[in-house]
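Letter 21 of the sequence shown, counting from 1, is numbered 20 in numbering that gives the first Met the number 0, and no numbers are missing.
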Amino acid sequence: MLNKYFCFFSDKTELERYKALLLYYIRIGFVLPIKFYRYFISPLLPRACKYYPSCSVYAVEAILRHGVIKGVFLSSWRILRCNPWSAGGFDPVPPKKQRLL
């Protein structure tokens, strides 16, 4: 399907390399604002996270492990669970499921 749009690439491995590079830059585009918040804004605020690891660390790890779509979904779900009625505690990013095929 992509070969129709990227017919100027010499072989399939070159196309896959550019696709992987594009996906890497998309992930970094989502991770950089979170890291900016973590290093420049978060130190100015009082520590209030009930979970370990903190929500920003969880978000970066989820995006890097699961990709942008599922990582943003997992991060959003984690932030929604962070409320006064939750117990908090240790809540790691779930491992990536292995596909059979």
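Here a beta-carbon is modelled for each residue, glycine too, at the ideal position from N, C-alpha and C.
What residue range is occupied by the uninterrupted alpha helix (DSSP H) comprising residue i?
{"i": "leucine 79", "result": "67 to 80"}
Please list, in chain order, all residues of the same chain as residue i whose beta carbon is under 8 Å from its beta carbon, the five residues on each side excluded.
{"i": "isoleucine 104", "result": "Outside the displayed range of the chain (0 to 100) lies residue 104, so it cannot be described from this structure."}
Of all the options the options, which has the alpha carbon lying nearest to the alpha carbon of residue i?
{"i": "tyrosine 36", "options": "Glu15, Ser55, Pro91", "result": "Ser55"}
{"i": "glutamine 97", "options": "Pro83, Lys18, Arg64", "result": "Arg64"}
{"i": "proline 91", "options": "Leu22, Arg77, Ala19, Pro83", "result": "Arg77"}
{"i": "proline 93", "options": "Gly66, Tyr38, Tyr17, Leu22", "result": "Gly66"}
Less than 8 Å between the beta carbons of residue i and residue j, yes or no?
{"i": "glycine 29", "j": "isoleucine 62", "result": "According to the sequence provided, residue 29 is phenylalanine. The question's glycine does not apply to it. Closer than 8 Å, so yes."}
{"i": "tyrosine 57", "j": "serine 75", "result": "no"}
{"i": "isoleucine 33", "j": "valine 59", "result": "yes"}
Practice prompt. Indicate whether the contact test is met: 3 or more Cβ pairs, each with one atom in the region 42 to 59 and one in the region 74 to 91, closer than 8 Å.
Written response: Contact between the region 42 to 59 and the region 74 to 91 is present, because at least three Cβ pairs lie under 8 Å.
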